[in-house]
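Have a look at the structure below, then the notes.
2 protein chains.
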Amino acid sequence: MEKFEITILGCGAALPTPHHFCSSQIVNIREKLFLVDCAEGVQMQLRRSRLKFSNINNIFISHLHGDHCLGLIGLISTFSLLGRTSTLHVWAPNPLKELFQPQIDFHCQGLGFTVQLHEIDTRKRDIIFEDRSVTIETIPLKHRIPCCGYLFREKPLPRHIKRDVIDAYNIPTCYINNIKAGMDFTLPDGEIIPNSILTNPADPTRSYAYCSDTMFAPTNAEQLHNVDLLYHEATFKKDQELLSKKTFHSTTQQAAEMARLSNAKQLMIGHFSARYKNEEELLNECKETFQNTILAEENKCIKL
Amino acid sequence: MEKFEITILGCGAALPTPHHFCSSQIVNIREKLFLVDCAEGVQMQLRRSRLKFSNINNIFISHLHGDHCLGLIGLISTFSLLGRTSTLHVWAPNPLKELFQPQIDFHCQGLGFTVQLHEIDTRKRDIIFEDRSVTIETIPLKHRIPCCGYLFREKPLPRHIKRDVIDAYNIPTCYINNIKAGMDFTLPDGEIIPNSILTNPADPTRSYAYCSDTMFAPTNAEQLHNVDLLYHEATFKKDQELLSKKTFHSTTQQAAEMARLSNAKQLMIGHFSARYKNEEELLNECKETFQNTILAEENKCIKL
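Those sequence lines, one after another, are chains A and B. Note that this note's numbering has the first sequence beginning at 130, numbered continuously upward. Note that this note's numbering has the second sequence beginning at 130, numbered continuously upward.
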């Protein structure tokens, strides 16, 4: 299987604690690293994770609350000190440029690379990134300021060659990529060998959705349908539904309900309020609604 | 002895590593906490130190390179979430206001307290802070951008009452503070009891100097004369004198020479370049010139 992993760098809510950094994670798709949110301390956490800084070319920030973006300037400075030359793309809602361009101009003078800032319209679903391996869509979230999640969808993978069949028909190497892509093969005598004889099905494509910070937004369930792993904030316990509504956050029960409505395969909760000492209680509340739930945790790596 | 302690929160140079946060430390003078430099991650380090956030009312930033100031906005946000109401004073060179006021306005909306930004002229020595316990002076440093160190001088302490003598002369309590301050006491019959009979000398006053980042600046030795503890950056080993000059930093040998010229009682070096794995080698180089040298280290607390 090609690599599709999520590494949690931080999963605390606004107040960092001795146990939690604020929100940041790395989505590693075939050694391309996508940084999702960029909290204070993200560069220290990246060092600890031993992930390669230079494999990060795209940073996706959900919204501009400090606990999701204050690590950006330090990270850019460090990229510069490490001799980076390739363009860095940063995606976030308004007013990304107004807020960060002056800081980049001041702190990162003489950068050897370009920082391209992309402002996102968080009100709609939109594919904002696409390469050979993945598409990344925005997920409209409901928070106090413009905010979106990100949905990573792996692109269809090549079918698996049946080596012995290929050899038996003596098929030249130059046809292999087309056959992996699904094409049949025509023998010199005109006989057509259907692709299903030559290959086994491709691995199923995988998907990952990141939803933080948001109040309960069930209209997103359609977009998240059948997602392999849903990261959803669960800032509060279920008895704090009023507070969570007031602060535009979700409870455990609401996060689990989103996983159920989306028919997600697995739910990972995070953005834990510093008030909770025992996060197992949050986990158990989720499991009442959605059994296959796990807790986010710094340095945890989930392989899809 | 009244408390006068320095706690190191971070002592790495520009690149944070798994071992070092960037520059920040707390000077604790009688439970008033002065934060000196304010690097990314300072609020996490403060949590670990178990020092009381609410006892910090003054932050002194040496200069506006990211590794000395990028923790400021996160810290102010956290103060706000913790319900702070008292004014926070932040001291730093130009362009402190231009750089940080827009960020405070954006990230810290609805603050329950005032953040007062004070811009410092780093070209001259100046007493910028004074209260009952301490004066704080700027130390002009030589770096690529305006930069100053800070010299904390304890104010003269009260003399120690000889309780038995006071009792023997039956001196009323209302005179005690004056006697501690050095006054003689006149008995009802006109006899004058000299203060030296009534008290023992006060504890000697203590001083702490913070010098980071700077190239070798021997003209500061006069200001630092007899300082109890000199923190001085030693970014490079002594064989990197050219590089240190080019980058406006100091070598181990230069830091030690500053301690020797200043007749400091003790030297603590920090701002270690990430290139050095074994900092004992830096220490040993300093000791060749100035024996009483120690290494800064995260969470180390030095009592003066």
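By construction, the Cβ of each residue, glycine as well, lies at the ideal position given by its N, Cα and C atoms.
Should M344 (chain A) go down as buried or exposed, given a rule of 16 or more other Cβ atoms within 10 Å for buried? Start at 1 with the first residue of the first sequence, and residue 344 (chain A) comes out as number 215. Classification of M344 (chain A): buried, given that the 10 Å Cβ count is 16 or more.
Taking Cβ-Cβ distances shorter than 8 Å, what residues in chain B pair up with R176 (chain A)? Working through the first sequence from its first residue, we reach residue 176 (chain A) at position 47. Under a criterion of Cβ atoms nearer than 8 Å, the residues of chain B adjacent to R176 (chain A) are, in order, P145, T146 and P147.
Please identify the residue among A:H247, A:T328, A:N355 and A:Y405 whose C-alpha is closest to the C-alpha of M387 (chain A). Numbered from its first residue, the first sequence carries residue 387 (chain A) at position 258. Of the candidates A:H247, A:T328, A:N355 and A:Y405, the one whose C-alpha sits nearest the C-alpha of M387 (chain A) is A:N355.
For C340 (chain B), which residues does DSSP report across the bridge? Reading the second sequence from its first residue, position 211 is the one you call residue 340 (chain B). Per DSSP, B:H361.
Secondary structure of A168 (chain B), DSSP reduced to three states: If you number the second sequence from 1, residue 168 (chain B) lands on position 39. Note: A168 (chain B) maps to coil in three-state DSSP.
What three-state label does DSSP hand C140 (chain B) in the structure shown? On the second sequence, position 11 is the one that residue 140 (chain B) refers to. Correct three-state label for C140 (chain B): coil.
Report back the beta-carbon spacing between Q174 (chain A) and F150 (chain A) to the nearest angstrom; my notes put them in contact at under 8 Å. Along the first sequence, one-based indexing puts residue 174 (chain A) at 45. Along the first sequence, one-based indexing puts residue 150 (chain A) at 21. At roughly 6 Å, the Cβ-Cβ gap stays under 8 Å, so Q174 (chain A) and F150 (chain A) are in contact.
I'd like to check one pair, C277 (chain B) with T264 (chain B): are the Cβ atoms closer than 8 Å? In the second sequence, residue 264 (chain B) corresponds to position 135, counting from 1. In the second sequence, residue 277 (chain B) corresponds to position 148, counting from 1. In this structure, T264 (chain B) sits away from C277 (chain B), with a CB-CB distance that is not shorter than 8 Å.
Tell me the DSSP bridge mates of V294 (chain A)? Here residue 294 (chain A) is taken as the residue at index 165 of the first sequence, counted from 1. According to DSSP, which records beta bridges pairwise, V294 (chain A) is partnered with nothing at all.
Using the DSSP secondary-structure output, state which residues sit across from D255 (chain A) in a beta bridge. What you label residue 255 (chain A) is simply residue 126 of the first sequence in a count that begins at 1. In the DSSP output, where bridge partners are listed per residue, D255 (chain A) has A:T267.
Nearest to A385 (chain B) by alpha carbon, out of B:L372, B:R404, B:V244 and B:F365? Position 256 of the second sequence, counted from the start, is the residue given in the question as residue 385 (chain B). Selected option, being the one with the closest Cα: B:F365.
List, in chain order, every chain B residue whose beta-carbon is nearer than 7 Å to that of T207 (chain A). Residue 207 (chain A) sits at position 78 when you count from the first residue of the first sequence. Within 7 Å Cβ-Cβ: L144.
Check each candidate in B:I295, B:G170, B:I158 and B:E283 and name the one with the smallest Cα separation from I308 (chain B). For the purposes of this step, residue 308 (chain B) is taken as the residue at position 179 of the second sequence. Check the Cα spacing between I308 (chain B) and each of B:I295, B:G170, B:I158 and B:E283: the tightest is with B:I295.
According to DSSP, residues forming a beta bridge with A221 (chain A): Start at 1 with the first residue of the first sequence, and residue 221 (chain A) comes out as number 92. Beta-bridge pairing links A221 (chain A) to A:E248.
Using a C-beta to C-beta distance shorter than 8 Å, which residues of chain B count as neighbours of P231 (chain A)? As a working note, residue 231 (chain A) is residue 102 in the first sequence. By Cβ distance, chain B contributes L228 and P231.
At what residues does the alpha helix (DSSP H) containing F208 (chain B) begin and finish? Start at 1 with the first residue of the second sequence, and residue 208 (chain B) comes out as number 79. In the DSSP assignment, F208 (chain B) falls within the alpha helix (DSSP H) that extends over L201 to L210.
According to DSSP, simplified to helix, strand and coil, what is N186 (chain A)? To locate residue 186 (chain A), count along the first sequence from 1; it is residue 57. Here N186 (chain A) sits in strand by DSSP.
Quick one: what does DSSP say S215 (chain A) is sitting in, helix, strand or coil? The sequence position of residue 215 (chain A) within the first sequence is 86, counting from 1. If DSSP states are grouped into helix, strand and coil, S215 (chain A) belongs with coil.
Listing by chain order, which chain A residues have their CB less than 7 Å from the CB of F235 (chain B)? Start at 1 with the first residue of the second sequence, and residue 235 (chain B) comes out as number 106. Within chain A, the residues near F235 (chain B) are L228.
Buried or exposed: which applies to E414 (chain A), given that a residue is buried once 16 or more other Cβ atoms fall within 10 Å of its Cβ? The residue you call residue 414 (chain A) lines up with position 285 of the first sequence. Answer is buried; the Cβ neighbour count reaches 16.
Of all the options B:T136, B:S178, B:E427 and B:K284, which has the alpha carbon lying nearest to the alpha carbon of R335 (chain B)? Mapped onto the second sequence, residue 335 (chain B) falls at position 206. Of the candidates B:T136, B:S178, B:E427 and B:K284, the one whose C-alpha sits nearest the C-alpha of R335 (chain B) is B:K284.
Counting along the chain, where does the beta strand (DSSP E) carrying R389 (chain B) start and finish? Working through the second sequence from its first residue, we reach residue 389 (chain B) at position 260. Here R389 (chain B) belongs to no beta strand (DSSP E); instead the alpha helix (DSSP H) covers T381 to S391.
According to DSSP, is G127 (chain B) helix, strand or coil? Residue numbering for chain B in the displayed model covers 130 to 433; residue 127 (chain B) lies beyond these limits and cannot be assessed.
Any beta carbon of chain A sitting closer than 8 Å to that of G195 (chain B)? Mapped onto the second sequence, residue 195 (chain B) falls at position 66. At least one C-beta of chain A is nearer than 8 Å to the C-beta of G195 (chain B).
For Q352 (chain B), name the three-state secondary structure that DSSP assigns. Position 223 of the second sequence, counting from 1, holds the residue named residue 352 (chain B). Assigned with DSSP and collapsed to three states, Q352 (chain B) falls in coil, not helix or strand.
Could you tell me the distance, in whole angstroms, from the CA atom of T380 (chain A) to the CA atom of Y360 (chain A)? On the first sequence, residue 380 (chain A) is found 251 positions in, with the first residue counted as 1. On the first sequence, residue 360 (chain A) is found 231 positions in, with the first residue counted as 1. If I take the Cα positions, the gap works out to 13 Å.
If we call anything under 8 Å between Cβ atoms a contact, is I137 (chain B) one with N428 (chain B)? Sequence index remark: in the second sequence, residue 137 (chain B) carries index 8 (1-based). Sequence index remark: in the second sequence, residue 428 (chain B) carries index 299 (1-based). Contact annotation: I137 (chain B) and N428 (chain B) have beta-carbon atoms nearer than 8 Å.
At the level of alpha carbons, what is the spacing between G212 (chain B) and L193 (chain A)? Here residue 212 (chain B) corresponds to residue number 83 of the second sequence, with the count starting at 1. Here residue 193 (chain A) corresponds to residue number 64 of the first sequence, with the count starting at 1. Pairing G212 (chain B) with L193 (chain A), the inter-Cα distance amounts to about 21 Å.
Relative to the alpha-carbon of A346 (chain A), which residue among A:P224, A:P317, A:K271 and A:T302 has its alpha-carbon at the smallest distance? By one-based count along the first sequence, residue 346 (chain A) stands at place 217. Looking at the Cα atoms, A:K271 is the closest of the given residues.
Since Q172 (chain B) meets chain A, which of its residues come closer than 8 Å, beta carbon to beta carbon? As a working note, residue 172 (chain B) is residue 43 in the second sequence. The answer, in chain order, is P145 and E169.
Identify the continuous alpha helix (DSSP H) that holds G195 (chain B) and give its terminal residues. Locating residue 195 (chain B) in the second sequence gives position 66, where the first residue counts as 1. Bounds of the alpha helix (DSSP H) holding G195 (chain B) are G195 to C198.
Go to S153 (chain A), then tell me how far its beta strand (DSSP E) extends in each direction, as first and last residue. Translated into the one-based positions of the first sequence, residue 153 (chain A) becomes position 24. Where S153 (chain A) is concerned, the enclosing beta strand (DSSP E) starts and stops at S153 to I158.
Please report the residue range of the alpha helix (DSSP H) in which C415 (chain B) lies. Position 286 of the second sequence, counted from the start, is the residue given in the question as residue 415 (chain B). Element bounds for C415 (chain B): E408 to T418.
Can you check DSSP and say which residues form a bridge with G278 (chain B)? Working through the second sequence from its first residue, we reach residue 278 (chain B) at position 149. Looking at the DSSP assignment, G278 (chain B) forms a beta bridge with B:I268.
Should the region 241-259 of chain B be called in touch with the region 227-235 of chain A, which here means at least 3 C-beta pairs below 8 Å? Touching, no.
Within the same chain, show all residues whose beta-carbon is closer than 7 Å to that of K226 (chain B), passing over the 5 residues directly before and after it, in chain order. Taking the second sequence and counting its residues from 1, the one referred to as residue 226 (chain B) is at position 97. Hits under 7 Å: L246 and E248.
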